Structure formats: C-alpha cells, structure tokens
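Below is one structure, written out as structure tokens; the observations come after it.
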DNA sequence: CCAAAAGTGTTAGGCGTACACCCATGT
DNA sequence: ACATGGGTGTACGCCTAACACTTTTGG
C-alpha cells in the first residue's frame, strides 16, 4: 500500500468466478489469522480498502489485477453489503482491526464479480499468491458474510450472461469443444441441457465458428473445436 | 435526526418511481441552498446518511417512509455510486459539508429504488413535504450525479419487472383499465405495444381479473376495470 | 352525427423442448 | 469387442408480432 487508504469503513470485495476442466470455482484467499486463541486460517474473498481518490471500479480492478495479474476481464459491481452484523464474529473483527490498525464499528463492502478462465497461464501468474480456486459446491467456512456474497454472485452471474451472452466466452479457452460450452452453461444455469438441442443452438449462432481442428489422444471419438468470433458477435448485436 | 449519524461519508439515496394519470415520475426534493453567491435551489433525490447500527435496507426504508408515509413498497438496492468526482461541483460540496457539519472528501452513496402509485391518498400524505413528482422525461438540473443514478434506475426497473411482474401492480390503482396497464408497460419498456396482442395477454393471465365495473363519465366508450389478484399470482408462481 | 377511445381473431414465424440412435476412437 | 463420449433430425406447443374494423359513449 503506497497510497493512503481511504476510509477504513469501506472496502471492495471481488467474487472471481473461474472455470476449468473440473468446473466452476471461486478464488479464495487465506485470512492470516491474528493470535487470539483462535486457530486455523479461515478463507475469505479477495478484497481491500479503497484508496483516496480511487474509483470503486478502479479498486475492484486493482484487486483483480493483484490477485490474477489480469486486467481485461469484465468486472461488474453487483451489491453492497453493509449490515452492522457483518463483523459480529469476534475473530473477523479482530482481523479487520489488526489489518486496518483501527477500531472498526462496521465495515461496508461493495461487491464485484468477474468471470474468467483458469488457464495454465493464469495458474502460473498466480503461483506466488496464497490463493486457491475452490469448487462452488465445496466451499469451506468463510469469514464475514462472504458466503452470502458468493451466493448472490452466483445468482447474478445468470442475469449477467443473459444480458451479455459473450461473457461466457471469457471463461473458456480460445478453442473449446461443445461439451465444455455446454457444461459451463449447465453449471451457470444449474440444470442440464439436451445435447441435440444444444448443438442446434450452436449451429444457429454465427459467431460460434467451427474449426477444422479436433481433439487428439482421447479415448473416444474426437470432438470438434469451436471458437468465439467477437467481430461477428459485435456486428450482430451492435453493442461493443 | 435523533440518533447519531453513521459515517458522514456514506449515504443512501432513493429513486422513488411513481406512476399516475400523466405517466412515470420521479420524486425529487429541493436541496435548500447554502448562501455562497449561488442562487436558486437545485433538486436532488431523497437521501440521508446512515445511522449507527442501521441496516442499509432499513435506512432506505426510513427515507421512503419519511418522504411518503408508506412502508410497504418493494425497495431494492441497485447500485453504489462512489466516484471521487461525485461532489466536485462546489455548490454540492458546500451543501454536503454544511448539512453534515464536517469536511467531506468524498461521499459514497448506496442507491435504492422503489415503485409506487401516486394516489390521492399518497399526495395527501406528502402535502407537508417540499417534494415534487417530476416526469422522467422532463428532469431539471440535478445535484451530484443524481441524473446518472436515475438513468440507471430506469434501466434496472425493466429487469426488476421482468423478474417479478407483480411489481407493476404496485404502481397501479387497485382497479385499473387495460389502457393504464398498457401505458405503464410502454413507459417502462420504452416502446409501444399492439392493443390486440395486449388484450390477449391480459386474458391469458388468470391473475388479472376482469371486474363488472366500468369507467363512468368519460367522453367515449367506457373501459372495463381489472384488478390484480395476488393470491392467484402467488399460487401460480410459487414464490413467497 | 361526430370525436375518441374500447374492444375483438387470425395467421405466420421463431424458439424451446422432447426424444433415440449410429459414429469414431483408444484400450 | 467394448467402453466412452461425439454427433445428428423431427415434431409439437407456446409466444410474439403483424394487421383493420366495429362498438360504445358523451358532446
């Protein structure tokens, strides 16, 4: 922190939602625990206080960058959590006060979410951090109300994708199979889809272009690769 | 203010969206101007600082109640505005500092919206306040970034209604004509609808029930009244 | 009788959904 | 040969959207 922190009562937390071969995951960091008889580190969402003169969006972007080394993903504010009881847990309160160096009555946090693919490149960028990607359906105990925050994020991701379907492709490799795309959709919407109907849908979207390339070395019929063509997409939907 | 205010850097603003015979309107209050060479009161959204130990939602509800005497309407947080440049206008800054009695570097506000009908009963409740309902397409100059806040609210109202169609009926009298319902929909979605298709839609919704009553004293064929039956609605859609 | 708004049916296309079998590949 | 996932077509129902004339009422 080389700039002076803004009010110690306002923070930004980021729900970074990633996707890899195994499924949807959330990025968690360890809350380095303060000595107080409590044992074991507890996980939390990445977040930080806001610097003076820093836009909320910029603070979120900074946290995203510090955690992942990425700056491109679509980042979206989705809710502000400010219940006085957010930090009623003594261990949480101690940690906040130790971290900020002040007595804190209440901590209001503006929550953002971003969707990204967990690529090997990303994993490499993140090696140095004490972070981990945790499957959404296997979350550990979390500090503060971070579980609520994640739950709301997972609800909102659905509306975000409905409004802007291109977001899906931020979570996929540049070449992907129909199965990967379908699994991702299924995880986001929480229900399984019919394979045939799904292929029809892909075929109907001109911005999902079939490649000649296929999978290699798999123990079954090799799947075609597809890619997302953003130019075609933008031309069709005028939004940029 | 009989309780101590929470941090003077965090406020709640409410975009109260009302509907009457004339159309969609926003509730604005006059920012009583501080002497400083600037003349003329400027309008703003109703809002206030947050009390200690007060939930954000509760603060919004309090503002709603103070302004309208109503407590029932659906109130929904939709965005937090915290740009350092929000109060760059000197007149705005002066007002904030005079009102809170402190030097303020930055003011972060959590924005809520509610939809309600502008009934004669409501008008009576509000007579005492220095508030006015202003048509959405005829907004005056506004303090801070309140115009941006309203614009976002008007965008969000659409998603809110799509998710929960019953919200529409909070803005209508208990007995309403097809025209009123259609006009309201048109204003919310920003496009006109076909009359026949609209009647078909009404007829298809079992929770919009036709009354025997008709308009009286109008200079044309009298329109039927309808009412919204929340019981039927809830039974159909399982929520709450 | 005129003005002003109310009310009414049919058709066509798009979209989602349900459903079952053969194909390619590695072991 | 067998296990594993890849890939394909048809039919139905629902919703949306386009489109024009007659009815009722007060003035």
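Residue numbers (this note's numbering), protein chains in the order written: chain A, 1 to 240; chain B, 1 to 240. From the three backbone atoms N, C-alpha and C, an ideal C-beta is built for every residue, glycine too. These numbers were taken from a predicted model, which means no experiment stands behind them.
- Pairing residue 225 (chain B) with residue 208 (chain B), the inter-Cα distance amounts to about 10 Å.
- Annotation: residue 28 (chain A) to residue 72 (chain B) spans about 38 Å, alpha carbon to alpha carbon.
- Close to residue 55 (chain A), with beta-carbon spacing below 8 Å, are these residues of chain B in chain order: 82, 83 and 84.
- Ranked by Cα distance from residue 111 (chain B), the options B:235, B:212, B:14 and B:228 are led by B:14.
- Chain-ordered, the chain B residues with CB closer than 7 Å to the CB of residue 108 (chain A) read 10.
- Distance from the Cα of residue 170 (chain A) is smallest, within the candidate group A:10, A:43 and A:24, for A:24.
- At a cut-off of 8 Å between beta carbons, residue 180 (chain A) makes no contact with chain B.
- Between residue 47 (chain A) and residue 133 (chain A), the gap from beta carbon to beta carbon reaches 8 Å or more.
- The straight-line gap separating the alpha-carbon atoms of residue 174 (chain A) and residue 117 (chain A) is approximately 10 Å.
- Taking the beta carbon of residue 207 (chain B) as reference, no residue of chain A falls within 9 Å; the closest one sits roughly 24 Å away.
- DSSP places residue 161 (chain A) inside the alpha helix (DSSP H), whose first and last residues are 146 to 163.
- Within its own chain, the residues whose Cβ lies closer than 8 Å to the Cβ of residue 68 (chain A), once the five positions on either side in sequence are excluded, are 16, 27, 116, 122, 125 and 126, listed in chain order.
- Uninterrupted beta strand (DSSP E) stretches at least 3 residues long and entirely within the stretch 60 to 100 of chain B occur at 75 to 81, given in chain order.
- Taking a Cβ-Cβ threshold of 7 Å, the residues of chain A close to residue 77 (chain B) are 79 and 80, in chain order.
- Ranked by Cα distance from residue 216 (chain A), the first of A:176, A:205 and A:229 is A:176.
- Close to chain A, meaning a Cβ-Cβ distance shorter than 8 Å, are the following residues of the stretch 132 to 160 of chain B: 159.
- For the set A:30, A:106, A:63 and A:81, the Cα lying nearest the Cα of residue 151 (chain A) is the one of A:81.
- Non-local C-beta neighbours of residue 20 (chain B) in its own chain, meaning closer than 6 Å and more than five positions away in sequence, comprise 118, ordered along the chain.
- Within the same chain, Cβ atoms closer than 8 Å to the Cβ of residue 211 (chain A) are found at 175, 224, 225, 226 and 227, the five residues on either side in sequence being excluded.
- Leaving aside the five residues that flank residue 233 (chain A) on each side, the residues in its chain whose CB is nearer than 7 Å to its CB run, in chain order, 166 and 207.
- If you keep only unbroken beta strand (DSSP E) runs of at least 3 residues inside the stretch 184 to 235 of chain A, you get 208 to 214 and 224 to 228.
- In its chain, beyond the 5 residues on either side, no residue has a beta carbon closer than 6 Å to the beta carbon of residue 183 (chain B).
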